[in-house]
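A.B. asks: Here it is, the structure in full.
In the numbering used here, the protein residues as written are 63 to 562.
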């Protein structure tokens with residue numbers, strides 16, 4: 063039965079869904095505004111909490127955390143010049159300059175409105191683009207699924223901060239870990255070392271919690287002795303609602319940046335930080351007041367914030383249709399989908415249409431609620447950022463342990479989480495990003511299964527078999543572009559940074 067507008071709205075506005083969205087929004091803003099904590103860490107921590115929940119409410123909570131954490135990072139960037147997330151780095155430039163001029167309230171109002179509009183625009187694109195795009199997945203056979211998995215892996219390598227090569231190595235490590243468990247063809251155990259618990263493979267939720275959350279706590283602990291006392295900036299020009307004049311100055315910038323954010327979000331591996339910088343540069347290029355940029359431009363704040371929140375909905379488009387995450391946090395959300403027994407593709411919009419459309423409409427509502435909650439919290443948020451790492455770190459560790467254990471009431475999962483926490487910590491210290499490992503872990507079995515089935519279908523002549531299938535040809539071209547584009551972006555970014 064096809065879901066109706068009425069049935070979807072009823073589902074979104076049930077008490078369970080509303081409470082899930084509210085918790086997600088509140089938790090996301092707090093997580094995003096605490097330096098050192100990230101959106102993907104917040105989503106990874108909450109996945110075990112959602113395990114026993116209704117699928118709609120569970121996914122609504124996770125997407126609410128995602129979009130709100132990105133927004134939360136802007137508040138701390140404006141008030142303390144400390145980006146809560148990497149996506150808020152561009153916001154910190156002009157946001158903090160406005161704070162120094164006594165216009166912190168103005169910067170927060172503009173950031174909030176821009177984030178809400180960016181998120182809502184991306185939600186509308188998500189609602190209109192995903193159903194027709196999901197039809198493509200019906201034409202997929204084993205070779206297409208194999209190439210989609212390879213496509214996801216090549217792109218996610220570009221997430222790695224600083225080095226494309228390190229990103230690809232991280233992805234390869236994830237693939238290697240993904241081979242642990244029973245062989246997909248023979249049923250023979252591989253790399254289990256006598257542990258029966260490993261026959262079903264590495265549990266990816268404890269692995270995600272370890273890689274993103276526990277490793278981040280270890281980084282906080284390692285930097286604890288370097289932590290400086292943060293001085294809070296009072297907000298002297300506080301108003302809950304922005305004036306029409308304030309919105310009028312940035313409305314064109316917001317819409318342009320929202321579109322840029324959605325397009326960048328659809329490109330897997332790009333993420334909110336790239337979108338915010340691209341939009342910031344475009345806003346400066348189109349602005350009549352170029353000299354204000356870097357000295358307290360509300361256009362700069364709005365460009366960055368509209369774009370990084372528009373990425374959230376954009377990154378869910380390839381995730382829901384093809385199972386390719388558009389960002390590091392979307393990679394973690396893929397784990398959340400699978401925990402609920404939901405596989406990306408056409409079935410999400412037919413058999414599970416009620417759940418999917420509820421999550422998409424709820425995502426749009428979550429962005430509107432984020433604006434309300436954000437403005438209520440913003441004035442007091444600088445006090446939350448005073449929480450020292452020595453208090454914050456143990457609390458997160460408790461959540462990590464409880465979350466890993468609660469998922470299957472199995473203490474072995476806690477050891478998995480600790481092991482991956484140590485791996486993640488080592489990776490962070492050496493400049494490797496943990497996100498590609500998670501994607502390799504999730505997509506590894508899909509890649510292997512698709513490859514083996516394709517080899518059987520092609521009688522060993524895989525390349526000529528793929529060239530005879532149009533979708534495979536398109537995917538092969540995309541894979542080549544995906545491998546080349548990070549190197550091109552890295553080269554261009556390096557030139558731009560050199561120019562500054």
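The beta-carbon is built from N, C-alpha and C at its ideal position, and this holds for glycine as well.
Of all the alpha helix (DSSP H) runs that stay within the bounds of the segment 226-272, which reach a length of 4 or more residues?
C.D. replies: Entirely contained in the segment 226-272, the alpha helix (DSSP H) runs reaching 4 residues are, in chain order, 226-240 and 266-270.
A.B. asks: Along the chain, which unbroken stretches of the alpha helix (DSSP H) at least 4 residues long are found entirely within the segment 86-131?
C.D. replies: As far as the segment 86-131 is concerned, its whole alpha helix (DSSP H) runs of at least 4 residues are 101-108.
A.B. asks: Evaluate the contact criterion for the segment 364-376 versus the segment 251-260: three or more CB pairs, one atom per stretch, below 8 Å.
C.D. replies: Contact between the segment 364-376 and the segment 251-260 is absent, because fewer than three Cβ pairs lie under 8 Å.
A.B. asks: Which residue comes first and which comes last in the alpha helix (DSSP H) that contains residue 494?
C.D. replies: Counting from 1 along the chain shown, the entry for residue 494 is found at position 432. Element bounds for residue 494: n/a, residue is neither H nor E.
A.B. asks: Below 9 Å between beta carbons: does that hold for residue 279 and residue 462?
C.D. replies: Position 217 of the chain shown, counted from the first residue, corresponds to residue 279. Position 400 of the chain shown, counted from the first residue, corresponds to residue 462. Yes, they are a contact pair.
A.B. asks: Using a Cβ-Cβ cut-off of 6 Å (strictly less than) and excluding sequence neighbours within five positions of residue 507, which residues of its own chain qualify?
C.D. replies: As a working note, residue 507 is residue 445 in the chain shown. Closer than 6 Å at the Cβ level, and outside the excluded window around residue 507, lie 240.
A.B. asks: If you reduce the DSSP assignment to three classes, tell me which class residue 521 lands in.
C.D. replies: As a first step, residue 521 must be located in the chain shown, where it is residue number 459. In this structure, residue 521 counts as coil in the three-state DSSP scheme.
A.B. asks: Please check the pair residue 122 and residue 424, which I expect to be a contact at CB under 8 Å, by giving their CB distance rounded to whole angstroms.
C.D. replies: Working through the chain shown from its first residue, we reach residue 122 at position 60. Working through the chain shown from its first residue, we reach residue 424 at position 362. So it is a contact: roughly 4 Å between Cβ atoms.
A.B. asks: Any idea what DSSP makes of residue 405, helix, strand or coil?
C.D. replies: The residue labelled residue 405 in the question sits at position 343 within the chain shown. Of the three classes helix, strand and coil, the one that applies to residue 405 here is coil, per DSSP.
A.B. asks: Please state if the CB of residue 124 and the CB of residue 269 are separated by a distance shorter than 9 Å.
C.D. replies: Locating residue 269 in the chain shown gives position 207, counting from the first residue. Locating residue 124 in the chain shown gives position 62, counting from the first residue. Result no, Cβ atoms of residue 269 and residue 124 do not sit closer than 9 Å.
A.B. asks: Going by DSSP in three states, residue 165 sits in which element: helix, strand or coil?
C.D. replies: Taking the chain shown and counting its residues from 1, the one referred to as residue 165 is at position 103. The answer is coil: DSSP assigns residue 165 none of H, G, I, E or B.
A.B. asks: Take the Cβ of residue 452 as the centre, count every other Cβ of all protein chains shown within 10 Å, and call the residue buried at 16 or more, exposed below.
C.D. replies: The residue given as residue 452 occupies position 390 in the chain shown. Residue 452 comes out exposed.
A.B. asks: Any contact of the segment 392-405 with the segment 350-360, i.e. 3+ C-beta pairs under 8 Å?
C.D. replies: Segments in contact, no.
A.B. asks: Could you pull the start and end residues of the alpha helix (DSSP H) that residue 76 belongs to?
C.D. replies: As a working mapping, residue 76 is identified with position 14 in the chain shown. Where residue 76 is concerned, there is no enclosing alpha helix (DSSP H), given that its DSSP letter is neither H nor E.
A.B. asks: Between the C-alpha atoms of residue 326 and residue 87, what's the straight-line distance to the nearest angstrom?
C.D. replies: Taking the first residue of the chain shown as position 1, residue 326 is located at position 264. Taking the first residue of the chain shown as position 1, residue 87 is located at position 25. Going by the C-alpha atoms only, they are around 23 Å apart.
A.B. asks: What whole-angstrom Cβ distance do residue 383 and residue 192 have, given they're in contact under 8 Å?
C.D. replies: Against the chain shown, residue 383 aligns to sequence position 321. Against the chain shown, residue 192 aligns to sequence position 130. That belief holds up - the Cβ atoms of residue 383 and residue 192 are roughly 6 Å apart, short of 8 Å.
A.B. asks: Taking C-beta to C-beta, are residue 208 and residue 386 nearer than 9 Å?
C.D. replies: Counting from one through the chain shown, the residue named residue 208 turns up at place 146. Counting from one through the chain shown, the residue named residue 386 turns up at place 324. Their beta carbons are not under 9 Å apart, which means residue 208 does not touch residue 386 by this criterion.
A.B. asks: Judging by CA-CA distance, which residue of 363, 541 and 307 is the nearest neighbour of residue 169?
C.D. replies: Taking the chain shown and counting its residues from 1, the one referred to as residue 169 is at position 107. Nearest option by C-alpha distance: 363.
A.B. asks: In whole angstroms, what separates the C-alpha of residue 77 from that of residue 112?
C.D. replies: Residue mapping note: residue 77 aligns to position 15 of the chain shown, counting from 1. Residue mapping note: residue 112 aligns to position 50 of the chain shown, counting from 1. Their backbone Cα atoms lie some 16 Å apart in a straight line.
A.B. asks: Across the segment 389-398 and the segment 99-118, are there enough close Cβ pairs to call them in contact, namely three or more that are closer than 8 Å?
C.D. replies: Yes, the segment 389-398 is in contact with the segment 99-118.
A.B. asks: Provide the residue span of the alpha helix (DSSP H) that contains residue 351, from first to last.
C.D. replies: Walking along the chain shown from the start, residue 351 turns up at place 289. Note, residue 351: premise wrong, no alpha helix (DSSP H); not H, not E.
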